[in-house]
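*Asks:* These protein sequence lines map, in sequence, to chains A and B.
Once you know that position 96 of the first sequence is 96 in the numbering used here, the rest is easy, because the numbers rise by one and skip nothing.
Count along the second sequence starting at 1, add 1000, and that's the number in the numbering used here.
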Amino acid sequence: MMSNQLAILQVVIPLIAAPLCLLVRHAKLTWLFALTISALCSVIALLLLQQVTTHGPVVYALGDWQAPIGIEYRIDVLGAYLLTIVTSISTIILLASSSINKSELSKQKQPLFYVAYLLCLTGMLGIIVTGDVFNLFIFIEISALASYTLIAMGKDRRALTAAFSYLLVGTLGATFILIGIGLMYMLTGTLNMHDLSVRLVELSQSRTLFTAFSFFIVGVCLKLALFPLHWWLPNAYTYSPSVASAFLAATATKVAIYILLRFIFGVFGQEFSFSALPLQNILMTLGIVGILVASTMAIYQKNAKQILAYSSIAQIAYMILTLGFNSHNGLLATLIHIFNHALMKGALFLALAAVMYRIGSMEIKQFAGLGKQMPWTFAAIVIGGLSLVGIPLTVGFISKWYMIVASLENGWWPVALVIVFGSLLAAVYVWRIFETAYLQTAHEPNKQIKEAPLRLLIPVWLLTLANIYFGIDVRFTQNIAELATQSILGSAM
Amino acid sequence: MNVAESFNYWAVMILMMSGLYILIAQGNLVKKVIGLTIFQTSVFILYISMANITGASAPVISEASSQTNLLFSNPLPHVMILTAIVVGISTTALALSLIIRIKRAYDTIEEDEIHDMDAQ
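1) Got a sec: which bits of the region 283-302 of chain A sit with their beta carbon under 8 Å from any beta carbon on chain B, in order along the chain?
2) Any chance you could list the beta strand (DSSP E) runs of at least 3 consecutive residues sitting entirely within the region 156-225 of chain A, in chain order?
3) Between the alpha carbons of Ala317/A and Leu229/A, how many angstroms are there, rounded?
4) Quick one: what does DSSP say Ile8/A is sitting in, helix, strand or coil?
5) Is it buried or exposed, Glu141/A, if we count other Cβ atoms within 10 angstroms and call 16 or more buried?
6) Comparing the C-beta of Leu160/A with each C-beta of chain B, is any distance below 8 Å?
7) Tell me, please, whether the region 1047-1063 of chain B touches the region 1075-1092 of chain B by the rule of three or more beta-carbon pairs shorter than 8 Å.
8) State the Cα-Cα distance for the pair Leu1096/B and Ile1034/B, rounded to the nearest angstrom.
9) I'd like the list of long-range same chain contacts for Ser206/A, defined as Cβ closer than 6 Å, with 5 residues on each side in sequence excluded.
10) Alpha carbon to alpha carbon, how far is Leu191/A from Tyr185/A?
11) Would you report the Cα separation of Ser97/A and Trp31/A, rounded to the nearest angstrom?
12) Hey, quick one: how far does the alpha helix (DSSP H) through Ala354/A stretch, first residue to last?
13) Would you check if the distance between the CB atom of Met1016/B and the CB atom of Phe1039/B is smaller than 8 Å?
14) Quick one: does Arg207/A have its CB under 8 Å from some CB of chain B?
15) In terms of alpha-carbon separation, which member of Gly154/A, Thr171/A, Ser147/A lies closest to Ile1089/B?
16) How would you call Asn467/A, buried or exposed, if buried means at least 16 neighbouring beta carbons within 10 angstroms?
17) Anyone know if the C-beta pair for Leu125/A and Gln10/A falls short of 8 Å?
18) Would Tyr148/A pass as an interface residue toward chain B - the criterion being a Cβ-Cβ separation below 8 Å?
19) Return helix, strand or coil for Ala236/A, following the three-state DSSP convention.
20) In chain order, what are the residue ranges of uninterrupted alpha helix (DSSP H) at least 4 long that sit wholly in the region 8-56 of chain A?
21) DSSP three-state label for Ile495/A, please.
22) Using the rule of at least 16 other Cβ atoms within 10 Å of the residue's Cβ for burial, across every protein chain shown, is Tyr300/A buried or exposed?
23) Less than 8 Å between C-beta atoms, sequence neighbours within five positions excluded: which residues of the same chain meet that for Gly1019/B?
24) Write down the C-beta distance between Leu78/A and Leu261/A rounded to the nearest angstrom, noting that I regard them as a contact closer than 8 Å.
25) Which same chain residues end up closer than 7 Å to Leu46/A when comparing Cβ atoms and leaving out the 5 residues on each side of it in sequence?
26) My guess is that Phe349/A and Leu386/A are in contact by the Cβ rule of under 8 Å, so how many angstroms apart are they, rounded?
27) Which word fits Glu1113/B, buried or exposed, when buried means at least 16 other C-beta atoms lie within 10 angstroms of its C-beta?
28) Let me know the secondary structure DSSP gives Tyr300/A once reduced to three states.
29) Give the C-beta separation of Thr211/A and Leu233/A to the nearest angstrom, bearing in mind that I take them to be a contact with Cβ-Cβ under 8 Å.
30) Using DSSP's beta-bridge definition, name the partner residues of Val115/A.
31) Measuring straight from C-alpha to C-alpha, what distance separates Gln1137/B and Ser42/A?
32) Judging by CA-CA distance, which residue of Pro111/A, Ala61/A, Tyr73/A is the nearest neighbour of Pro19/A?
33) Could you name the residues of chain A that Tyr1009/B contacts, counting a contact when the two beta carbons are closer than 9 Å?
34) Give the DSSP bridge partners of Ala61/A, in chain order.
35) Strictly below 9 Å CB to CB, what residues from chain B border Ile217/A?
36) In the DSSP assignment, the alpha helix (DSSP H) including Gln1040/B goes from what residue to what residue?
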């Protein structure tokens, strides 16, 4: 009985839990509550993943109104895979959040932080499970409004302006998506994604559909910070509270990529997306330029979080590049990198949060000599950094491997070279952190710095070890990504 | 295409572009929010316009309407836009409250002045 309701529980539990946090109003208790809810969500996600891989897609009719009339939740392997990533990363990050938030937020703000956090989680999970395009827009806005609030809670006043520009860009993106949805509804009279994918096939010559497609894709690209629509992201990730940056960096952009995948291959159909329009050229060009420009920008940043933020833009560009290949292996590389990048950025941002907890600054020059003072935290940063570069035995290597295989398969060796060169640039910006932390001697105040407390080190190392584990044992990632690729390409045919 | 026939869509386009222009060109944060609201509102009109059917009345069921075979305009876009208006209002509310906080922190709401203060 319960197992039939998992799809809706996945979204409703955090949604109801969010306002309940307001009633509790006690920092520690709300944290425990949010952690429990997030853990519950990840259990549900795992159950769904298991259900989907054994019995096929889960379809849930909301309020028992059947599909074209009512809203439908539809979870396939891809959805369940994303649900698992988002919920488990969220749980691990929450595990560390109590003490980090205590040092970064005032006592009254902490319960409110968890309200916004759970709402943001609700929005993301909703985006993944829903099978209705208008419902998708609503969930996009729920997660977006919650993330503006999360970002604005940062201590630095620049957090406010960062949140404000994110709000403008995010609303613009969401409204573009709304226009796209409206035009699609105008053409077909349905909002159900499955229905749309069937009815849009006959309309592939319609100019209205081209307009809808362009509005929708540009809207999503604004959300996922695809170069050159990325300018809002660095400040938003840099000045937000550490927990929020870890959560958003590891999950938010992945969910946007999921929307892109779902629409390019599912709703609009692979044939329309790639043959009626030069989408392949656009995505690949933007991907390549994005990798090179964002990685180079990352080298020149003085703030450690800003380096990682630019690196995130570069990593998104990698995913878009391989998505643009429009091949089985390209898609596989994108999906594997979604998971792996969530692990890397989760580990790195959380480790930086531990550094922030001790020294209260993210300026690289303040890191001098900390490698000796905080050996465990910085060991985690080193492993996360190497993973970002793509050294063997880390998840980064697996991603890069699949990307290069996918590009060589098409004979695009210059693209493969760009991917390798991107890794070299990553090595440069990661090295700047290593060099300051290990090779420079500590200034006077830094000598007093102690290792981060165990309650921070445990979540950091959970993610770091996951970086190594999934870098050696690729069976889980590969199997699920393979199944998801098949389901995406299958739905397109 | 006749302009009078598609008057609504022309209005939508003009509003949409003016909103977008205000959003980009104005340096004052409140004006930016106004531009954003105009932009969003144009999309609401787009939805409402497409729901209209020539000669149809408002989709309200009453005794009289169930007896005569009246045409109704499509109610679904209206419902969607009600939801979108709520989303729009929350966005505006959040944006304005951020502006209040920005004003307190920087003592200005002009974008270029804020930019200069951050650059220091």
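Beta carbons: idealized from backbone N, C-alpha and C, even for Gly.
Values in this document were obtained by computation on a predicted structure and should not be read as measured data.
*Replies:* Once the coordinates are examined:
1) none
2) none
3) Position 317 of the first sequence holds residue 317/A. Position 229 of the first sequence holds residue 229/A. Looking at the two C-alpha atoms, the distance is approximately 11 Å.
4) As a first step, residue 8/A is located in the first sequence; it is residue number 8 there, counting from the start. Ile8/A falls in the helix class under three-state DSSP.
5) Here residue 141/A refers to the residue found at position 141 when the first sequence is read from its first residue. Its Cβ being crowded by 16 or more others within 10 Å, Glu141/A is buried.
6) Within the first sequence, the letter at position 160 stands for residue 160/A. Closer than 8 Å: yes.
7) yes
8) Within the second sequence, the letter at position 96 stands for residue 1096/B. Within the second sequence, the letter at position 34 stands for residue 1034/B. One C-alpha to the other measures close to 10 Å.
9) If you number the first sequence from 1, residue 206/A lands on position 206. No residues qualify anywhere along the chain.
10) The count along the first sequence starts at 1 and reaches residue 191/A at position 191. The count along the first sequence starts at 1 and reaches residue 185/A at position 185. About 6 Å.
11) Walking along the first sequence from the start, residue 97/A turns up at place 97. Walking along the first sequence from the start, residue 31/A turns up at place 31. Distance between the alpha carbons of Ser97/A and Trp31/A is about 8 Å.
12) Along the first sequence, one-based indexing puts residue 354/A at 354. 328-359 is the span of the alpha helix (DSSP H), which, as asked, contains Ala354/A.
13) By one-based count along the second sequence, residue 1016/B stands at place 16. By one-based count along the second sequence, residue 1039/B stands at place 39. Contact: yes.
14) Residue mapping note: residue 207/A aligns to position 207 of the first sequence, counting from 1. So, not an interface residue.
15) Stepping through the second sequence from its first residue, residue 1089/B is reached at position 89. With distances taken between Cα atoms, Ile1089/B lies closest to Thr171/A.
16) For the purposes of this step, residue 467/A is taken as the residue at position 467 of the first sequence. Asn467/A is buried by the Cβ-count criterion.
17) Residue 125/A sits at position 125 when you count from the first residue of the first sequence. Residue 10/A sits at position 10 when you count from the first residue of the first sequence. Cβ atoms of Leu125/A and Gln10/A: closer than 8 Å.
18) To locate residue 148/A, count along the first sequence from 1; it is residue 148. Yes, Tyr148/A counts as interfacial toward chain B.
19) Taking the first residue of the first sequence as position 1, residue 236/A is located at position 236. Residue state for Ala236/A is assigned as helix, using DSSP reduced to three classes.
20) 27-55
21) Nothing about residue 495/A can be read from this structure; chain A reaches only from 1 to 493.
22) In the first sequence, the residue the question calls residue 300/A occupies position 300. So Tyr300/A counts as exposed.
23) Taking the second sequence and counting its residues from 1, one reaches residue 1019/B at position 19. The residues are Gly1035, Leu1036, Thr1037, Ile1038, Phe1039, Gln1040, Thr1041, Ser1042.
24) Here the question's residue 78/A lines up with position 78 in the first sequence. Here the question's residue 261/A lines up with position 261 in the first sequence. Correct: roughly 7 Å between the Cβ atoms.
25) The residue labelled residue 46/A in the question sits at position 46 within the first sequence. Cβ neighbours of Leu46/A beyond the five flanking positions: Thr84.
26) Here residue 349/A refers to the residue found at position 349 of the first sequence. Here residue 386/A refers to the residue found at position 386 of the first sequence. Rounded, the Cβ-Cβ distance is 16 Å, inconsistent with contact.
27) Taking the second sequence and counting its residues from 1, the one referred to as residue 1113/B is at position 113. It counts as exposed.
28) Residue 300/A sits at position 300 when you count from the first residue of the first sequence. DSSP places Tyr300/A in coil when its eight states are reduced to three.
29) Within the first sequence, the letter at position 211 stands for residue 211/A. Within the first sequence, the letter at position 233 stands for residue 233/A. 27 Å between Cβ atoms; not a contact.
30) In the first sequence, the residue the question calls residue 115/A occupies position 115. The partner list for Val115/A (beta bridge, DSSP) is empty, contrary to what the question assumes.
31) No answer is possible for residue 1137/B: the residues shown for chain B start at 1001 and end at 1120.
32) Looking up residue 19/A in the first sequence gives position 19. Among Pro111/A, Ala61/A, Tyr73/A, the Cα nearest to that of Pro19/A belongs to Pro111/A.
33) Taking the second sequence and counting its residues from 1, one reaches residue 1009/B at position 9. The premise fails here: Tyr1009/B is roughly 11 Å from chain A at the closest Cβ pair, so nothing lies under 9 Å.
34) Against the first sequence, residue 61/A aligns to sequence position 61. According to DSSP, which records beta bridges pairwise, Ala61/A is partnered with Glu72/A.
35) By 1-based counting over the first sequence, the position of residue 217/A is 217. Ordered by position in chain B, no residue passes the 9 Å Cβ test against Ile217/A, which lies about 17 Å from the chain.
36) Position 40 of the second sequence, counted from the first residue, corresponds to residue 1040/B. Note, Gln1040/B: alpha helix (DSSP H), 1029-1051.
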